[in-house]
Amino acid sequence: MLLAEYWRLILIVSLGAFVGFLLGDISLGMLIGMSIYLIRHLFYINKLSKWLAEPKSNVEPPEGNGIWFGIFNRIFKLQKRNKSQKVKLAAALTRFQEAASAMPDAMIILTQEGKIEWFNQAARRLLGLKAPQDIEQHISNLIRYPAFKAFVENQLDAERDMEILSPFDESLALQLRIAPYGKGKALLVARDITQVSRLEQVRRHFVANISHELRTPLTVLTGYMETLTINKKSHENPWFQPMQHMYAQTNRMQGIVKDLLLLTRLENYTESIVGAEVEVPELIEMLLEEARMLGHDKTQALTADYDSTLRIMGRREDIQSAFSNLVSNAVRYTPKGGRIHIKWFSDATGAHFIVEDSGMGISSMDIPRLTERFFRVDEARSRETGGTGLGLAIVKHVLQRHDGALSITSELGKGSQFSCNFPDTRIVISKKQVSSINNAG
Ligand SMILES: Nc1ncnc2c1ncn2[C@@H]1O[C@H](COP(=O)(O)OP(=O)(O)OP(=O)(O)O)[C@@H](O)[C@H]1O
Ligand SMILES: [Mg+2]
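Residues in the sequence shown are numbered from 912 upward in steps of one, following this note's numbering.
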């Protein structure tokens, strides 16, 4: 194409030179030839500019010859390709927008600073967000819970989710989750769990009522059985053995009812408790005694290593339930001759109560499920040891109410470590330390 254009230029200039030669001025002839060539290009440039300025992109390209024919055609093809890409992109965008607005969960895109960049239809319905007013607003200005602020700031911890009542409509219970993506952006998803939480409440009330109702008849039953089995003459009674079994089982039922009531109480109040100073060292002494009694036939090595000055703020009754569950588990699930070690200390992260055992251990698959109610790794064996699977659920809730958390590490066949971690805000400077400070002063 370019070669043809050279030839055209040479031809026009030579023609000009020839005419100039005939008229007696070759250079003038060549100049006129060149000018004609230039004017032709200007003519086509003008056509191109007019065509490009056309508002509709599908107007056929202007007629052109030589190199201009190629240029017009190539631009036209490029325009067509652009147009089809634009159509595809628009279709993809529409699809995404339709899907996002059909989504029952609220979706909000947050910038690195926590400002709202975009949200879908459900976010208007569930959280009352409005466009364009709420765009660019900080999310914690709109959802004003202190816990939510911490949740947003902590967004890297994407595994966790949070439950709140919608600030827009308090009858809506929402479950929030944050998924970080791209460069510092995050997607906040809010799911309507009103129905589920209502059912959950019904279940809680049901369990609470049943447990409560069972308490009195069980107390009466155990009372009678106790009298019947401790009677000296009762050994001669052929019903003595069955009676003893019945007594043991009613006792167990009483234990379950007590645990269920405790769990319900813990679940009903999710906010943390302040409580009073809990004498943990004294509690540990008591737990050791209890453990010795529980495992009297197991010849286990029971040791403890604790900071006798370390106390925490909390509810003694609940802390005792939690710690006692962990110690009794260790005794129960560690075979004869095993080792159990209790630790109580504080470090930069807070106070820790740790129970280690050299028992049967738990597979990593089961660990996340341990704190579910009624979950037992080996149902048959657990039943034998009298376990119902409520203990660790209680531990988890007690710790939650004390701003703490339970962490579990375990290896099958080697042993387990259950650790109750309390934040340092719960630690109380003990009397001993205070007195030593006073003495020093
Ligand atoms: N130290 C441990 N070593 C091995 N397995 C354990 C240990 N602690 C708990 N488990 C397993 O976890 C399960 C759940 O423990 P949890 O304390 O919740 O219930 P439980 O001891 O069976 O019954 P409960 O405590 O209500 O009397 C137990 O059944 C047991 O299988
Ligand atoms: Mg237990």
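Where is the CB? At the ideal position from N, CA and C, for every residue including glycine.
Same chain, Cβ closer than 6 Å to residue i, five either side skipped, listed in chain order
{"i": "residue 1352", "result": "The predicted position of residue 1352 is uncertain, since its pLDDT is 30 and thus under 50; no value can be drawn from it."}
{"i": "residue 1225", "result": "1186, 1189 and 1313"}
{"i": "residue 1241", "result": "1251, 1266 and 1268"}
{"i": "residue 987", "result": "972"}
{"i": "residue 959", "result": "none"}
{"i": "residue 1350", "result": "No answer about residue 1350 holds up, because its pLDDT of 36 lies below 50 and its placement is not dependable."}
Residues near residue i in its chain [Cβ-Cβ closer than 7 Å; skip 5 each side]
{"i": "residue 1348", "result": "At residue 1348 the pLDDT is 37, less than 50, meaning the model places this residue with poor confidence; the figure from the coordinates comes in the next sentence. Closer than 7 Å at the Cβ level, and outside the excluded window around residue 1348, lies no residue."}
{"i": "residue 1231", "result": "1194"}
{"i": "residue 926", "result": "944"}
{"i": "residue 915", "result": "977"}
{"i": "residue 1203", "result": "1213"}
Nearest-angstrom Cβ-Cβ length linking residue i and residue j, presumed shorter than 8 Å
{"i": "residue 1313", "j": "residue 1122", "result": "Not quite, the Cβ-Cβ distance comes to about 23 Å (not below 8 Å), so this is no contact."}
{"i": "residue 1028", "j": "residue 1021", "result": "7 Å"}
{"i": "residue 1025", "j": "residue 1050", "result": "5 Å"}
{"i": "residue 1130", "j": "residue 1158", "result": "Wrong, their Cβ atoms sit about 13 Å apart, outside the cutoff."}
{"i": "residue 1311", "j": "residue 1320", "result": "Rounded, the Cβ-Cβ distance is 20 Å, inconsistent with contact."}
{"i": "residue 1019", "j": "residue 912", "result": "Not a contact, Cβ separation roughly 55 Å."}
{"i": "residue 1248", "j": "residue 1210", "result": "6 Å"}
{"i": "residue 1216", "j": "residue 1254", "result": "5 Å"}
{"i": "residue 1239", "j": "residue 1199", "result": "Not really, about 12 Å apart at Cβ, beyond 8 Å."}
{"i": "residue 1236", "j": "residue 1167", "result": "Contact doesn't hold; Cβ gap of about 13 Å is too wide."}
Rounded C-alpha distance that separates residue i from residue j
{"i": "residue 1345", "j": "residue 1263", "result": "With a pLDDT of 42 at residue 1345, under the threshold of 50, the predicted position of this residue should be treated as unreliable, though the coordinate-derived value follows. Answer to the nearest angstrom: the Cα atoms are 21 Å apart."}
{"i": "residue 1043", "j": "residue 1110", "result": "36 Å"}
{"i": "residue 1017", "j": "residue 995", "result": "33 Å"}
{"i": "residue 1102", "j": "residue 991", "result": "43 Å"}
{"i": "residue 1007", "j": "residue 1048", "result": "24 Å"}
{"i": "residue 1283", "j": "residue 1300", "result": "8 Å"}
{"i": "residue 929", "j": "residue 940", "result": "7 Å"}
{"i": "residue 1188", "j": "residue 1271", "result": "35 Å"}
{"i": "residue 1250", "j": "residue 1269", "result": "5 Å"}
{"i": "residue 1160", "j": "residue 1060", "result": "49 Å"}
{"i": "residue 1054", "j": "residue 1014", "result": "21 Å"}
{"i": "residue 1119", "j": "residue 1338", "result": "33 Å"}
{"i": "residue 955", "j": "residue 975", "result": "7 Å"}
{"i": "residue 1178", "j": "residue 1308", "result": "7 Å"}
{"i": "residue 1150", "j": "residue 1141", "result": "13 Å"}
{"i": "residue 1176", "j": "residue 1116", "result": "11 Å"}
{"i": "residue 1220", "j": "residue 1192", "result": "7 Å"}
{"i": "residue 1127", "j": "residue 1009", "result": "58 Å"}
{"i": "residue 1218", "j": "residue 1276", "result": "34 Å"}
{"i": "residue 1336", "j": "residue 1257", "result": "12 Å"}
{"i": "residue 964", "j": "residue 1005", "result": "29 Å"}
{"i": "residue 1172", "j": "residue 1281", "result": "19 Å"}
{"i": "residue 1317", "j": "residue 1076", "result": "26 Å"}
{"i": "residue 1097", "j": "residue 1287", "result": "38 Å"}
{"i": "residue 922", "j": "residue 942", "result": "13 Å"}
Contacting residues, own chain, Cβ-Cβ under 8 Å from residue i (five flanking each side not counted)
{"i": "residue 1074", "result": "1084, 1085, 1086, 1087, 1104 and 1108"}
{"i": "residue 984", "result": "972"}
{"i": "residue 1325", "result": "1269 and 1272"}
{"i": "residue 1315", "result": "1261, 1331, 1332, 1333, 1334 and 1337"}
{"i": "residue 1323", "result": "1271, 1272, 1273 and 1274"}
Residue i: CB within 7 Å of a non-hydrogen atom of ligand 3
{"i": "residue 1154", "result": "Here the bound small molecules are ligand 1 and ligand 2; ligand 3 is not part of this structure."}
Near ligand 1: residue i beta-carbon under 7 Å from a heavy atom
{"i": "residue 1288", "result": "yes"}
{"i": "residue 1142", "result": "no"}
{"i": "residue 1248", "result": "no"}
{"i": "residue 1310", "result": "no"}
{"i": "residue 1318", "result": "no"}
{"i": "residue 1261", "result": "no"}
{"i": "residue 1073", "result": "no"}
{"i": "residue 1301", "result": "yes"}
{"i": "residue 1177", "result": "no"}
{"i": "residue 1273", "result": "yes"}
{"i": "residue 1229", "result": "no"}
{"i": "residue 1304", "result": "yes"}
{"i": "residue 1270", "result": "yes"}
{"i": "residue 1158", "result": "no"}
{"i": "residue 1244", "result": "yes"}
{"i": "residue 1171", "result": "no"}
Residue i beta carbon near ligand 2 (any heavy atom closer than 7 Å)
{"i": "residue 1236", "result": "yes"}
{"i": "residue 1240", "result": "yes"}
{"i": "residue 1298", "result": "yes"}
{"i": "residue 1326", "result": "no"}
{"i": "residue 1039", "result": "no"}
Task: Complete runs of the alpha helix (DSSP H) confined to the stretch 1118–1190 [at least 4 residues] - done: 1151–1179
- [ ] Note down, one range per segment and in chain order, each alpha helix (DSSP H) of at least 4 residues found wholly within the stretch 994–1054.
- [x] 1032–1038 and 1050–1053
TODO: At 3 residues or longer, and completely inside the stretch 1224–1274: list those beta strand (DSSP E) runs for me, N to C.
DONE: 1250–1258 and 1261–1268
Task: Uninterrupted beta strand (DSSP E) stretches inside the stretch 1064–1117 (no shorter than 3 residues) - done: 1072–1076, 1084–1092 and 1096–1103
TODO: Could you pull out every unbroken alpha helix (DSSP H) segment of at least 4 residues lying fully inside the stretch 1301–1331, listed in chain order?
DONE: 1302–1312
Open item on the list: Give the list of continuous beta strand (DSSP E) stretches no shorter than 3 residues that lie fully inside the stretch 938–993.
Closed with: none
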